[in-house]
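Residue numbering for the sequence shown follows my numbering, beginning at 8 and increasing consecutively.
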Amino acid sequence: MDVHNLDISKNIGFGGWFTNNPKLTSINVEGWNTSHSTVFANMFFNSQALAGVDLSSFDTSQATDMHSMFQHSGIRTLDLSKFDMSAATNISDMLQGTNHLWQIKLGPKVNLTGTGLRIRQ
């Protein structure tokens, strides 16, 4: 799905935008202005065919709710190196059930405590 450069600059929330989408294998969100967005909850919840998404253009500095953002998705690689989770008050289950996730890149403002991420050896 190509939705890059979609003008979402006035949008404050993405709750459930791509939830339960069994046909979503990839999505291009490049160029999205998320600087005013506070809710990313359930954004990709249960999108089991989704293997990856480039979120490098996301500004999450205002995000307060990121719960279940990737929960039970098919995500395999995830780059959160530019995420700013400093304002987030709800990150519960953000990564719970991401059983296919094998690579995650973190940045200095990422907090995984309470996200449900399980490290397997």
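C-beta: ideal position from N, C-alpha, C; glycine also.
Query, Result
"Residue environment, residue 39, which counts as buried when at least 16 other CB atoms sit within 10 Å", "buried"
"Identity of the residues DSSP links to residue 33 by a beta bridge", "59"
"Of the residues 46, 56, 53, the one placed nearest residue 72, counting alpha carbons only", "46"
"For residue 124, three-class secondary structure by DSSP", "coil"
"Residue 117, DSSP secondary structure in three states", "coil"
"Reference residue 22, options 110, 84, 101, closest by Cα", "101"
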